[in-house]
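Written below as structure tokens is the structure these notes are about.
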Amino acid sequence: MYRTQLRNHIKLSDIADTKANILLSVNAIIISLVLSNLISKLDNPSNDYLIIPTIVFILFSIASMILSILATRPNVTRGEFTKEDVANKNVNLTFFGNFHKMSLEEYEWAVNELIQDKDYVYNSLTKDLYFLGKVLDRKYRILRLTYTIFMLGTIISVILFGVFFKSQTVI
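Position 19 of the sequence shown, counted from 1, bears residue number 19 in the working numbering, the numbering being contiguous throughout.
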């Protein structure tokens with residue numbers, strides 16, 4: 001069960017990271033195209049109607065990029081534990097973030113303590129899966145918000161370009 005759940009969590013995390021990277025790349029390309037094509041046209045006073053829709057489009061793209069980065073950005077943990085934490089079973093040794101600053105000897109000692117207690121092993125594995133699920137929840141919530149902002153930005157920008165273009169041709 002733990003192996004299957006862990007594999008599923010890792011796959012879902014990879015999917016979320018891939019989607020965030022795609023959104024990041026798409027928005028970077030959009031901004032590059034807008035800057036290279038539209039910005040040069042904004043110097044001409046007859047194209048003033050393009051300014052507001054272009055700014056809105058760029059701002060939504062930047063917001064999508066920032067959220068994409070936040071979705072994949074790792075949380076920093078303190079990476080240390082005490083012998084008291086191990087004795088009280090307050091540390092999850094299956095997660096690297098709890099031991100990455102410890103010496104090999106301290107970590108080996110703690111793992112030896114862990115494997116002597118079957119309940120501690122299963123509780124650690126359970127906590128690891130739980131917190132992986134929490135990380136996935138955060139990633140997917142941010143990713144959903146990113147897609148929503150990207151979609152709204154595209155719709156609003158297209159509408160603004162249409163409205164401003166139509167108002168320009170009426171004058």
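Where is the CB? At the ideal position from N, CA and C, for every residue including glycine.
Classify residue i as helix, strand or coil using the three-state DSSP reduction.
{"i": "L117", "result": "Strictly speaking, residue 117 in this sequence is Asp, with Leu absent from that position. Coil at D117, not helix or strand."}
{"i": "F164", "result": "helix"}
{"i": "E80", "result": "coil"}
{"i": "N112", "result": "helix"}
{"i": "T94", "result": "coil"}
{"i": "S124", "result": "helix"}
Less than 8 Å between the C-beta atoms of residue i and residue j, yes or no?
{"i": "L114", "j": "S124", "result": "yes"}
{"i": "T18", "j": "A71", "result": "no"}
{"i": "L67", "j": "I142", "result": "yes"}
{"i": "F165", "j": "I52", "result": "no"}
{"i": "I156", "j": "V56", "result": "yes"}
{"i": "K89", "j": "Y130", "result": "no"}
{"i": "F81", "j": "F96", "result": "no"}
{"i": "M65", "j": "N27", "result": "yes"}
{"i": "K139", "j": "S13", "result": "yes"}
{"i": "L38", "j": "L24", "result": "no"}
My assumption, with CB atoms under 8 Å, is that residue i sits in contact with residue j. Please give the rounded CB distance.
{"i": "L93", "j": "V111", "result": "6 Å"}
{"i": "G162", "j": "S61", "result": "Their Cβ separation, rounded to whole angstroms, is 18 Å, which puts G162 and S61 out of contact at 8 Å."}
{"i": "I69", "j": "V34", "result": "Their Cβ separation, rounded to whole angstroms, is 19 Å, which puts I69 and V34 out of contact at 8 Å."}
For the alpha helix (DSSP H) containing residue i, name the first residue and the last one.
{"i": "K83", "result": "83–87"}
Under a CB-based cut-off of 8 Å, is residue i close to chain D?
{"i": "I55", "result": "The structure shown contains no chain D, having only a single protein chain."}
*Enumerated in chain order, which unbroken segments of the beta strand (DSSP E) with a length of 3 residues or greater are wholly contained in the region 4–77?*
none
*Along the chain, which unbroken stretches of the alpha helix (DSSP H) at least 4 residues long are found entirely within the region 131–158?*
Listed in chain order, nothing qualifies, since the region 131–158 has no complete alpha helix (DSSP H) run of 4 or more residues.
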